[in-house]
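Report on one structure; see the data block that follows.
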Amino acid sequence: MSTNQHINEEHQLPDDLEKIIGNSEPKFSKSKEEVWGQMMGEIDEKTEEPKIIQLNWFKYAAAAAVVLLLSTTAFVRFYTESVSVPAGLHSSVSLPDGSTVELNAATELSFHPFWWQFDRSVKMEGEAFFDVKKGSSFSVMSRNGTTTVLGTSFNINSREDGYIVFCKTGKVSVQHEASKVVITPNESAQLKTNGELEKRSDANGSEFIGWVDNQFIFNAKPLREVTREIELQYDIELNIVGNDVADWKFTGAFNRSDDVKETLEVISNSMGLKFEQNAIGNYSLTKRPD
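Everything in the sequence shown is counted per our numbering, starting at 421 for the first residue and increasing by one.
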């Protein structure tokens, strides 16, 4: 036997074993193409899913940032600081730029402190004296008109249907609907019943701004206006008996530091009237009997 033949015989499988191997070919439920496709699909799913989650997170974060920005801007723009002075009291307010406002009794003032650098404007109803620092346009909006300045001092009386602006220093623009006037020191603008603004020159401004020093001066004013001011300054109810009496003109003054009865006595004596106080503390003015 040759050497090569011996080697081949040594490596030759037994007949029985060869039959077993030959008949034991593995059986697969899927082809290799199907298995490969399934594996690639699973890989794609695992690869794409983190991208979707990351994108959603970014959208939510961006939306939250936008909402926060809008909320902050709205707060800065519309946050309002308000001051309300009741009858019988006066008060002072400092605005963000150092401008000051003296508030008379029964007066309300509001403004946007965080938006002040963009818009110097206030809303006011009642009566107030403004001392405005120079700068951008400064506006006071009331129910019956708008007053605009750059830097000046002026008084506004806006009660019920009345509207009077007095300029102490600088220049003041006053507007009611289509009617507009510009006033300078010792001039006033008054809203008339026809809706027009009337410009007047007043040599003495004490009638308009004396209240800042607790002095209330009247020059031929209807008694109903005088009694209304007394009600505001002393926080009382004062009635006038007789419609004709309410139209009587009063010239004189009173000091807020005086007792209310002293003030009523002075007015009554100068006009031939008498005042009475009822059981609940209200006052009335009537004609003295002849």
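Every residue gets a Cβ at the ideal spot worked out from N, C-alpha and C, and that includes glycine. Every value quoted in this text rests on a predicted model; they were computed, and no experiment measured them.
Q: Using beta-carbon positions only, say whether V601 and K588 come within less than 7 Å of one another.
A: For the purposes of this step, residue 601 is taken as the residue at position 181 of the sequence shown. For the purposes of this step, residue 588 is taken as the residue at position 168 of the sequence shown. No; because the gap between Cβ atoms is not below 7 Å, this pair is not in contact.
Q | Residues near P642 in its chain [Cβ-Cβ closer than 8 Å; skip 5 each side] | A | To locate residue 642, count along the sequence shown from 1; it is residue 222. Taken in chain order, the residues that qualify are A666, D667, W668, K669 and F670.
Q: Give the straight-line distance between the Cα atoms of H532 and D517, rounded to the nearest whole angstrom.
A: Walking along the sequence shown from the start, residue 532 turns up at place 112. Walking along the sequence shown from the start, residue 517 turns up at place 97. Looking at the two C-alpha atoms, the distance is approximately 12 Å.
**Q.** T567 vs I576 beta-carbon contact at 7 Å
**A.** Along the sequence shown, read from residue 1 onward, the residue named residue 567 stands at position 147. Along the sequence shown, read from residue 1 onward, the residue named residue 576 stands at position 156. A contact, by the Cβ cut-off of 7 Å.
Q. Roughly how many whole angstroms lie between the Cα atoms of G508 and E627?
A. For the purposes of this step, residue 508 is identified with residue 88 of the sequence shown, where counting begins at 1. For the purposes of this step, residue 627 is identified with residue 207 of the sequence shown, where counting begins at 1. Their backbone Cα atoms lie some 19 Å apart in a straight line.
Q: Using the Cα positions of L693 and E682, report the straight-line distance between them to the nearest angstrom.
A: By 1-based counting over the sequence shown, the position of residue 693 is 273. By 1-based counting over the sequence shown, the position of residue 682 is 262. Rounded to whole angstroms, L693 to E682 spans 14 Å at the Cα level.
Q: Taking I629 as part of the alpha helix (DSSP H), name the residues at either end of that continuous run.
A: Along the sequence shown, one-based indexing puts residue 629 at 209. Here the alpha helix (DSSP H) through I629 covers S626 to I629.
Q. In chain order, what residues of the same chain have a beta carbon less than 6 Å from the beta carbon of I700, not counting five sequence neighbours either side?
A. As a working note, residue 700 is residue 280 in the sequence shown. Nothing listed; no residue qualifies.
Q.
Here's a check: name, in chain order, each residue in its chain whose Cβ is nearer than 8 Å to the Cβ of N702, leaving out the five neighbours to either side.
A. As a working mapping, residue 702 is identified with position 282 in the sequence shown. So the qualifying residues of the chain are I656, E657, L658 and N659.
Q) Does the count of Cβ pairs from the region 630-637 and the region 590-609 closer than 8 Å reach three? A) With the cut-off at 8 Å, the region 630-637 and the region 590-609 do not touch.
**Q.** In DSSP terms, what D551 is bridged to
**A.** Your numbering for residue 551 matches position 131 in the sequence shown. T520 and S573.
Q.
Considering only the alpha carbon of each residue, which of S608, N606, N614 and E607 lies closest to A598?
A. Locating residue 598 in the sequence shown gives position 178, where the first residue counts as 1. Comparing Cα-Cα distances from A598 to each of S608, N606, N614 and E607, the minimum goes to N614.
Q | Integer Cβ distance of V560 from G590, believed to fall under 8 Å | A | Position 140 of the sequence shown, counted from the start, is the residue given in the question as residue 560. Position 170 of the sequence shown, counted from the start, is the residue given in the question as residue 590. Not really, about 14 Å apart at Cβ, beyond 8 Å.
Q: Would you please state the rounded distance, in angstroms, between the beta carbons of S519 and D551? I believe it to be under 8 Å.
A: Taking the sequence shown and counting its residues from 1, one reaches residue 519 at position 99. Taking the sequence shown and counting its residues from 1, one reaches residue 551 at position 131. Right, their Cβ atoms sit about 6 Å apart.
Q | The beta strand (DSSP E) enclosing T527, as first and last residue numbers | A | Within the sequence shown, the letter at position 107 stands for residue 527. It spans T527 to F531 - the beta strand (DSSP E) in which T527 sits, taken as one unbroken run.
Q: Please work out which residues of its chain come closer than 8 Å, Cβ to Cβ, to A640, disregarding the five sequence neighbours upstream and downstream, and give them in chain order.
A: By one-based count along the sequence shown, residue 640 stands at place 220. K669, F670 and T671.
Q | Cα-Cα separation, Y499 to A609 | A | As a working note, residue 499 is residue 79 in the sequence shown. As a working note, residue 609 is residue 189 in the sequence shown. If I take the Cα positions, the gap works out to 32 Å.
Q | Given F398 as reference, the closest of V513, V542, V661 and G582 once Cα atoms are compared | A | The first residue shown for the chain is 421 and the last is 710, placing residue 398 beyond what the model contains.
Q.
By the three-class DSSP mapping on this structure, what secondary structure does Q537 have?
A. Residue numbering aside, residue 537 sits at position 117 when the sequence shown is read from its first letter. Coil.
Q: List the residues that DSSP assigns as beta-bridge partners of Q653.
A: Counted from its first residue, the sequence shown places residue 653 at position 233. Bridge partners of Q653: none, in fact.
Q | Distance, S541 Cα to N524 Cα | A | In the sequence shown, counting from the first residue as 1, residue 524 sits at position 104. In the sequence shown, counting from the first residue as 1, residue 541 sits at position 121. Rounded to the nearest angstrom, the two C-alpha atoms are 19 Å apart.
Q | alpha helix (DSSP H) segment containing V680, residue limits | A | Your numbering for residue 680 matches position 260 in the sequence shown. Per DSSP, V680 belongs to the alpha helix (DSSP H) from V680 to M691.
Q) Which value, in whole angstroms, describes the spacing of the CA atoms of S514 and A485? A) Against the sequence shown, residue 514 aligns to sequence position 94. Against the sequence shown, residue 485 aligns to sequence position 65. When rounded, the distance between both Cα atoms is 35 Å.
Q: Classify V592 as helix, strand or coil using the three-state DSSP reduction.
A: As a working mapping, residue 592 is identified with position 172 in the sequence shown. V592: strand per DSSP, three-state reduction.
Q: Could you spell out the range, first to last residue, of the alpha helix (DSSP H) harbouring N663?
A: As a position in the sequence shown, residue 663 is number 243, starting the count at 1. Taken as a continuous stretch (DSSP letters only), the alpha helix (DSSP H) holding N663 covers N663 to A666.
**Q.** Residue closest to F558, alpha-carbon to alpha-carbon, out of S504, R579 and W536
**A.** For this step, residue 558 is matched to residue 138 along the sequence shown. Nearest C-alpha to F558: W536.
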